[in-house]
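Numbered continuously in the numbering used here, the sequence shown closes out at residue 252. Below you'll find the structure, written out as structure tokens, and then a few comments.
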Amino acid sequence: INQLIEKNNILQNEHDMMKKTYEMKLSDHSLILDHDSLQQENDLFRNAIDQWSNRYEELKAKLEQMTKLLTEKDALIVELKTNVKNSKNQSDKNQLIELDERFINMSNENINLKTQIETVEYLNKQLNERLEQIQSKSNHEQEVYLIRKFIKDDYR
């Protein structure tokens, strides 16, 4: 009877160990699925950041172009104002008015571009913060996975 009890205890211990191993495998599988999901989300955020960065560069180039045009326009306005003072030519006055209107329009466009760039920079910042959070979470889960794997390997 003692041998049977002893044998039963051994079998019970083996059963408990097998159960723990099975539970760890299920947990590891869940972590792998979570890691894959986070990796996909991470890839989506990277793509979004790339798209926003490209848009930012486009807007920045357009802003530089507009700034150059505004500088040229300012020089032309100064020249036209000088011409208007020297000659009361109505066409010169009309050109000055037209240039002033263009200047106002370009200034408004410049303000709009700056606003768009600030928006893109803000969104890039938010996306980068979210990406860092996801990477941190992914790194943490990977560490947990490696620790569990190490513990599982030690039980073998």
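A virtual CB, placed ideally from N, CA and C, is assigned to each residue, including glycine. These numbers come from a predicted model, not from an experiment.
When DSSP states are grouped into helix, strand and coil, Ile97 belongs to the coil group.
Nearest to Ala144 by C-alpha distance, out of Arg226, Asp112, Ser187 and Asn208, is Arg226. Residues of the same chain with a CB within less than 8 Å of the CB of Gln212, apart from the 5 flanking positions on each side, are Leu155 in chain order. Taking a cut-off of 8 Å for Cβ pairs, the region 189-197 and the region 233-247 do not touch, as fewer than three such pairs fall below it. Cβ neighbours of Leu134 within its own chain (closer than 8 Å, five residues either side excluded): Ile230, Lys233, Ser234 and Glu237. Relative to Met202, the option among Glu217, Lys169 and Gln108 whose CA is nearest is Lys169. Runs of alpha helix (DSSP H) with 4 or more residues, each lying fully within the region 160-204, are absent. Between Asn204 and Tyr152, the C-beta spacing is not below 8 Å. Cα atoms of Gln108 and Phe246: separation of roughly 24 Å, rounded to the nearest angstrom. At the C-beta level, Leu166 and Asn206 come within 8 Å of one another. In this structure, the beta-carbon distance from Phe141 to Ile173 does not fall below 8 Å.
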